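First comes the structure, then the notes that go with it.
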Amino acid sequence: MKEVRVCVLRIEGTNCEDEMADAFSTVGAVPEKVHLKQMERNAPSGLARSLEDYDILALPGGFSAGDYVRAGAIFAARIRSLMGPQLKRFVESGKPVLGVCNGFQILVELGLLPAMEGAMSEVPTAALYTNDSGRFECRPTVLRNDDRGKCIFASEIPKGGLVMFPSAHAEGKLMSNDPDFVSKLEDNGQIVFRYVNPDGSKAVYPWNPNGSPSDIAGICNPAGNVMGMMPHPERVMTRFTRPDWTRNPGPEEGDGMMIFRSVMENLK
Amino acid sequence: MAVIEIRIELKKGVADPEGRNTKKALEALGFEGVGEVKTVKVYDIEVEGTHEEAVSEGEEMCRKLLANPVIQNFKVTVR
Chain A
1 MKEVRVCVLR
11 IEGTNCEDEM
21 ADAFSTVGAV
31 PEKVHLKQME
41 RNAPSGLARS
51 LEDYDILALP
61 GGFSAGDYVR
71 AGAIFAARIR
81 SLMGPQLKRF
91 VESGKPVLGV
101 CNGFQILVEL
111 GLLPAMEGAM
121 SEVPTAALYT
131 NDSGRFECRP
141 TVLRNDDRGK
151 CIFASEIPKG
161 GLVMFPSAHA
171 EGKLMSNDPD
181 FVSKLEDNGQ
191 IVFRYVNPDG
201 SKAVYPWNPN
211 GSPSDIAGIC
221 NPAGNVMGMM
231 PHPERVMTRF
241 TRPDWTRNPG
251 PEEGDGMMIF
261 RSVMENLK
Chain B
269 MAVIEIRIEL
279 KKGVADPEGR
289 NTKKALEALG
299 FEGVGEVKTV
309 KVYDIEVEGT
319 HEEAVSEGEE
329 MCRKLLANPV
339 IQNFKVTVR
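Here is the structure:
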């Protein structure tokens, strides 16, 4: 099989690029942590990189540019000004883009999600806004796979199946101006993950950590190749990072493995 | 050289958890009769050009970075 090259894009303040890269290595991809400045035209030779050379783009979590202005806004504005057209082509060609936590916020600020009209909107059409609690919420969350077969990052997770990924964010409430936003996402098959209570019933706080409408935790674009989610699958690649592994060892693999395996299967 | 003030406010109807928590804290400190508390963000930015150019540049800054039109309004004035 051809080598699958992953660009894990970072700038100052991203802090989950190591786990993200490791997660892709675990499923056989070849990840590279690339600083945004390496994408600049005047980057020193040897360090210069181009988005076209990669098969997958991953935006890791963290606090890019200190979360100043708004979470993800500065990273998004810099990506747009440096390589907006290349990124749009990357997405339109069907290549996978994954954004986790701050990465999801960046995808929304970039207009790559929800992207109901075209691959990338000029201005954001949604926002990931301050949690209802007004606090940083950090704990395991249980997600149900509500993907209807579109999202290339969810195909290896049983439909309706539950996974446990940790959440750690202060701005995770998905918002839009459109009163029909959630039903449009639903109609387009863009809702990939919903927060649920551990027994699978409708989530109440703190199992929905941010107050997101319809308990939405992750969405994809209408084409299914761009996914953003607040919880962190890359933090649960082995049983040892499950919060209850000493009491309930479960399978050797962590739930997060399925996300990364899905995208690799879809690239075959 | 002009200094523009850019004021970023939450749109009507967007909840303001920080404002709400601040209100609670003020009440806990014994302040009575505290109504709605809103948080706003203000940038003072030095820019070149006439006042008119400065304002239109400020508005461009809001569209490109400083405001998310889904949740925020902006107002640019010359100080």
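Going line by line, the protein sequences match chains A and B. First residue of the first sequence? That's 1 in the numbering used here, and the numbers climb one at a time after it. First residue of the second sequence? That's 269 in the numbering used here, and the numbers climb one at a time after it. Glycine included, each C-beta is placed from N, C-alpha and C at the ideal position. Nothing here was measured: the structure is a model prediction, and the numbers come from that model.
Interface flag, residue i vs chain A, CB-CB below 8 Å
i        : result
B:Glu286 : yes
B:Lys332 : yes
B:Val344 : no
B:Val310 : no
B:Val338 : yes
B:Asn341 : no
8 Å contact criterion, which residue i and residue j should meet: CB distance rounded
i        : j        : result
A:Gly103 : A:Gly228 : 7 Å
A:Leu57  : A:Phe90  : 6 Å
A:Gly62  : A:Thr14  : 4 Å
A:Ser167 : A:Pro213 : Actually they are not in contact, since the Cβ atoms of A:Ser167 and A:Pro213 sit about 16 Å apart, beyond 8 Å.
A:Arg235 : A:Pro251 : Not really, about 16 Å apart at Cβ, beyond 8 Å.
A:Ser64  : A:Gly72  : 6 Å
A:Leu87  : A:Ile79  : 6 Å
A:Met264 : A:Val27  : 5 Å
B:Glu325 : B:Gly317 : 7 Å
A:Val226 : A:Leu107 : 7 Å
A:Met116 : A:Lys184 : 6 Å
According to DSSP, residues forming a beta bridge with residue i
i        : result
B:Ile272 : B:Ile313 and B:Val346
A:Ser167 : A:Arg139
A:Met175 : A:Ala127
A:Asn248 : None; A:Asn248 has no bridge partner.
A:Glu253 : A:Thr238
A:Tyr195 : A:Leu143
A:Gly84  : A:Gly84 pairs with nothing; no bridge assigned.
A:Arg5   : A:Val30
A:Ile56  : A:Val6
A:Lys202 : A:Val196
A:Gly269 : No information on residue 269 of chain A is available, as it lies outside the stretch 1 to 268 that chain A covers here.
Beta-carbon proximity check, residue i vs residue j, cutoff 8 Å
i        : j        : result
A:Gly256 : A:Phe165 : yes
A:Pro140 : A:Ala126 : no
B:Cys330 : B:Val346 : no
B:Glu314 : B:Val282 : no
A:Ile191 : A:Pro233 : no
A:Leu112 : A:Asn188 : no
A:Ser262 : A:Ile157 : yes
A:Ile11  : A:Leu47  : no
B:Asn289 : A:Arg70  : no
B:Val308 : B:Glu273 : no
A:Cys16  : A:Cys138 : no
A:Leu110 : A:Ala76  : yes
A:Glu3   : A:Val30  : yes
A:Asp180 : A:Val196 : no
A:Arg148 : A:Ala170 : no
A:Asn248 : A:Ile152 : no
A:Asp132 : A:Gly211 : yes
A:Met83  : A:Met39  : yes
Closer than 8 Å to chain B by CB, residue i
i        : result
A:Val182 : no
A:Ala126 : yes
A:Val69  : yes
A:Ser25  : no
A:Gly134 : yes
A:Val204 : no
A:Ser201 : no
A:Val123 : yes
A:Glu176 : For the record, residue 176 of chain A in the displayed sequence is Ser; it is not Glu. Yes, contact with chain B.
A:Ala29  : no
A:Ala73  : yes
A:Ala77  : yes
A:Asn131 : yes
Contact test: residue i Cβ vs the ligand ADP heavy atom, cutoff 7 Å
i       : result
A:Ala77 : In the structure on display, the ligand ADP does not appear, and there are no ligands present to speak of.
Q: Flag this pair as touching only if the stretch 277 to 285 of chain B and the stretch 330 to 347 of chain B have three or more C-beta atom pairs under 8 Å; answer yes or no.
A: yes
(Q) I want to know whether the stretch 194 to 204 of chain A touches the stretch 131 to 148 of chain A - three or more CB-CB distances under 8 Å. (A) yes
(Q) Using a Cβ distance threshold of 8 Å, determine whether the stretch 123 to 137 of chain A contacts the stretch 158 to 177 of chain A, with at least three qualifying pairs required. (A) yes
Q) Counting Cβ pairs closer than 8 Å, one from the stretch 42 to 58 of chain A and one from the stretch 2 to 9 of chain A, do we hit at least three? A) yes
Q) Three or more C-beta pairs closer than 8 Å, one from the stretch 289 to 306 of chain B and one from the stretch 234 to 244 of chain A: is that the case here? A) no
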